[in-house]
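Asker: Input: one structure, supplied below.
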Amino acid sequence: MAPRNQSDDEVTSIIHDCHASATHAHSTHEATESMPPPRKVNFNANIEAKIRNPLVGIPRRRLLADIDDFCRAKGLEKHRGIIRKGALVAQDPYGCEDITGPDALSQDEVSALHHEIIHKWRIPLALLRTILVCSIGAAVQGWDQTGSNGATLEFPKALGIGGSSMHDKLIVGLINAGPYIGTAVVGCWMSDPINNLLGRRGTVFVASQFCLWPVVASAFCSDWQSLLGCRLLLGVGMGAKAATVPIYAAEVTPAPIRGALVMSWQLWVSFGIFLGTLANLVCAKAFVEPWRYQLGCAFLPAVPLALLIYSCPESPRWYIKKNRYVDAMNSLLRLRNHPVQAGRDLYYIHVQLQVEREYVGHGNYLKRIVELFTVPRIRRATLASWVVMIAQQMCGINIIAFYSTSVFAQAGSTNSQAYLSTMGFGLINFVFAFPAIWTIDTFGRRSLLLFTFPQMAWTLLAAGLCTLIPPSTGLHTVFVAVFVYLFAAFYSPGEGPVPYPYSAEVFPLSHREVGMAWAVATCLFWAAILSITFPLMLDRLGVLNSFVLYGCFNLIALVMIFLWLPETKQRTLEELDYIFAVPTRVFMRYQVTKTLPWWFKRWVLFRKNAPLEPLYHLDFEYHREEDDEEEGGSGSGTYETDKSRVEMKDALGLGFTTGRTIGI
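As structure tokens, then:
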């Protein structure tokens, strides 16, 4: 369950108690000789599951000298003071008030770091605008997906493919699958070179053009071949956008709220689906050839997306990747509430990426694709993203999203009832995504999936069984709709919002675009297969057997998630290198030998105090060396993170990593 909320006074008290504990630990070890820097963690085989801050163990004098060299090399001299302070905070997040000398933090800077924890939802206007524009991009995706839902009842007859033959069924499925084929074959894989050339904003702008003009053209098609061509071109834009927008949102958002803000992708996809179903209903009642308007009106949200995207800051990580550090700093100054946070995040990202490059390196586009399956750290991310994306198709949501109107009609509803039932599904899908805003960063991505998949399995089975109710009773459609709505209510806070933010965050920066392209292509390739085959499946198996089949798929997906999907909540994007450095066999062994027995004791035997040994271990040992009395020095020494400082995270009620003030 989500932890309880705490008052500002409670949280502030916890912060100051931990600060006092840190000060005591520092004074206790003041006379201790300097320790050598800790050994690095192997990103390809992190057997001990250690999570380490790369700044730990660096003497203060050397760290400040490194920062000065960094600022000179990157043209950041005018920001040198704030970057020095930020780097010292990144090195010792709990001891920001202990920093002495000319780099000591002002009261305003200390307060800003405390407020980052206490008031994590107070975000700058530029960040809010960026998330809103990304949300528009998601709404485009949702509306594009549902335009064909209602049109499927009309366009096959209008274009001469409305017969019951297998040929006509496959052509209808191919047209509905057109955007997903275009996405999986071309759109996703275009995102890497376009991102490399134009950045995140440029890629979104290009994608918006493909989501605008082919959609308008589809309303004027006179044969199925031209309609298929428009749908394929739409898929190019959908793929590039779906592979870029979640990455963009993840890269600009602080870690403590990254999941909640990035999940706005699925929240607004759901809203777009609702708008699409509403438009289908309105067009069906208002126009003679409603299918043309149902397909064509999906261009509307693409217009503000194209107009507003360049009003947002570019991703600072993309600027760093391009060695444009001045631009990266300027972006961070717009995306953070205080300059000290921007300086901290800039230097912390820089040093984490330096460590990452030692293990991951660089290569051309084709080499990066190959490395998705050959470099162990990246291969684990590839597996995890594949699992979470394929699970979205296995759960059965898209048989409802694509064909709900047809499903309800075949289950015994009139066309009008089918449109209304589908609109209700879209509304439920949107409304029930909201709980994930508060749970995705506390309850966690993995936990949400493990809870919701069993619920989706039984609700689909129940919906299928309800088709056996005789239509003459008048309850047939009602009960089918109720269980489909329950299915959507469980999908929306779980497998709905998790896949895209999860896939956007698990890959290292060097492989993030191509990794996300792989993930989205996986998802939408199978969406295409489903879209092509489901009309035939529905015709051959009927509603009951189709729903039972997907109920079984939900249980298979549950096992895959349990064994292969690590938790990522509240970790910085760079710290996830340590999570995915843990070998898959170690992760699976832990789940089977530790988590499963604990779950049985906790939820079957009701032992509330049953202990669960953690898999990951914080390995943050802080090392300070004051240079001289002029810098406020008091000798050299080391101190380790003591128990009370680590417990700060649990006391804050935000999980095991949020207590630190590293925000990105």
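Numbering (the numbering used here), first residue to last: 174 to 837.
Cβ atoms here follow ideal geometry from the backbone N, Cα and C, with glycine treated the same way.
Does the segment 429-441 come within contact of the segment 304-314, defined as at least 3 CB pairs closer than 8 Å?
Answerer: Enough Cβ pairs lie closer than 8 Å, so yes.
Asker: Let me make sure I understand the geometry here. Which of L286, I255, G268, A285 has the alpha-carbon closest to that of P275?
Answerer: Measuring from the Cα of P275, the nearest candidate turns out to be I255.
Asker: Among the residues of its own chain, which have a CB less than 6 Å from the CB of I610, if the five just before and after it don't count?
Answerer: Answer for I610: A433, listed in chain order.
Asker: At a threshold of 6 Å, does L448 count as lining the ligand MN (C-beta to nearest heavy atom)?
Answerer: This structure lacks the ligand MN; in fact it carries no ligand of any kind.
Asker: What is the residue span of the alpha helix (DSSP H) that P387 lies within?
Answerer: From DSSP, the alpha helix (DSSP H) with P387 extends over 386-391.
Asker: Secondary structure at P784, three-state DSSP: helix, strand or coil?
Answerer: Residue state, collapsed to three classes: coil.
Asker: Report the rounded CA-to-CA distance for Y763 versus V548, giving the unit in angstroms.
Answerer: Straight-line Cα distance between these residues: approximately 22 Å.
Asker: DSSP on L711, reduced to helix/strand/coil?
Answerer: Residue state, collapsed to three classes: helix.
Asker: Using a 10 Å radius around the Cβ and a threshold of 16 neighbouring Cβ atoms, would you call Y492 buried or exposed?
Answerer: Label assigned to Y492: buried.
Asker: Measure the C-alpha to C-alpha separation of I446 and A701 and round it to an integer number of angstroms.
Answerer: Cα to Cα, I446 sits roughly 17 Å from A701.
Asker: For L506 versus M596, is the C-beta spacing smaller than 7 Å?
Answerer: Not a contact, by the Cβ cut-off of 7 Å.
Asker: Work out the CA separation of I734 and L622 for me, nearest whole Å.
Answerer: Cα to Cα, L622 sits roughly 8 Å from I734.
Asker: Please work out which residues of its chain come closer than 8 Å, Cβ to Cβ, to E487, disregarding the five sequence neighbours upstream and downstream, and give them in chain order.
Answerer: G372, R373, R374, D500, S504, listed in sequence order.
Asker: Any chance the segment 378-389 sits against the segment 402-421, with 3 or more Cβ pairs inside 8 Å?
Answerer: At 8 Å Cβ cutoff, the stretches touch.
Asker: Does the segment 556-564 come into contact with the segment 292-304, if we say contact requires no fewer than three beta-carbon pairs (one atom in each stretch) closer than 8 Å?
Answerer: No, they do not touch.
Asker: So what's I570 in DSSP terms, helix, strand or just coil?
Answerer: Note: I570 maps to helix in three-state DSSP.
Asker: Between R552 and L738, is the Cβ-Cβ spacing less than 7 Å?
Answerer: No; because the gap between Cβ atoms is not below 7 Å, this pair is not in contact.
Asker: Counting only the same chain and skipping the five closest in sequence on each side, list residues whose C-beta sits under 8 Å from that of K342.
Answerer: Once the five neighbours on either side are set aside, the close Cβ partners of K342 are P708, L709, D712.
Asker: Where Q119 and F444 are concerned, what is the direct C-alpha to C-alpha distance, given to the nearest angstrom?
Answerer: This structure cannot speak to residue 119, because the chain is shown only from 174 to 837.
Asker: Ordered along the chain, which non-local residues of its own chain (more than five positions away) have a Cβ less than 6 Å from that of W727?
Answerer: It is Asn, not Trp, that sits at residue 727 in the sequence shown. Taken in chain order, the residues that qualify are C568, F626, M629, A630.
Asker: DSSP on A299, reduced to helix/strand/coil?
Answerer: The answer is helix: DSSP assigns A299 an H, G or I state.
Asker: Who are the Cβ neighbours of F698 in its own chain at under 6 Å, not counting the five residues just before and after it?
Answerer: So the qualifying residues of the chain are A357.
Asker: Does the count of Cβ pairs from the segment 250-270 and the segment 515-525 closer than 8 Å reach three?
Answerer: Yes, they touch.
Asker: Taking C-beta to C-beta, are G637 and V721 nearer than 7 Å?
Answerer: Yes, Cβ-Cβ distance for G637 and V721 is below 7 Å.
Asker: Run through DSSP, which three-state label would W294 get?
Answerer: The answer is coil: DSSP assigns W294 none of H, G, I, E or B.
Asker: Taking all protein chains shown into account, do 16 or more other C-beta atoms lie within 10 angstroms of the C-beta of Y483, making it buried, or fewer, making it exposed?
Answerer: Counting Cβ neighbours within 10 Å, Y483 comes out exposed, since fewer than 16 surround it.
Asker: Are the segment 687-696 and the segment 415-430 in contact at 8 Å, needing three or more beta carbon pairs?
Answerer: Contact between the segment 687-696 and the segment 415-430 is present, because at least three Cβ pairs lie under 8 Å.
Asker: List the endpoints of the continuous alpha helix (DSSP H) containing W139.
Answerer: Here the chain comprises residues numbered 174 to 837, so residue 139 is not present and cannot be evaluated.
Asker: Could you check which residue in L731, L659, A635 has the C-alpha nearest to that of V604?
Answerer: When only C-alpha atoms are compared, the closest one is L659.
Asker: Select from D242, R465, A263 the residue whose C-alpha is nearest the C-alpha of L228.
Answerer: It is A263 whose Cα lies nearest to the Cα of L228.
Asker: Hey, could you find the ends of the alpha helix (DSSP H) K742 is sitting in?
Answerer: From DSSP, K742 is part of no alpha helix (DSSP H); its letter is neither H nor E.
Asker: Which of the three DSSP states is assigned to K251 in this structure?
Answerer: Helix.
Asker: With a CB to CB cut of under 8 Å and the five nearest residues on each side skipped, what residues in its chain are close to T757?
Answerer: Closer than 8 Å at Cβ, skipping near neighbours: R553, L556, W737.
Asker: Here's the rule I'm using: 16 or more other beta-carbon atoms within 10 Å means buried, otherwise exposed. How should A428 be labelled?
Answerer: Burial call: buried.
Asker: Starting from N453 and walking both ways along the alpha helix (DSSP H), at which residues does that stretch end?
Answerer: Element bounds for N453: 437-459.
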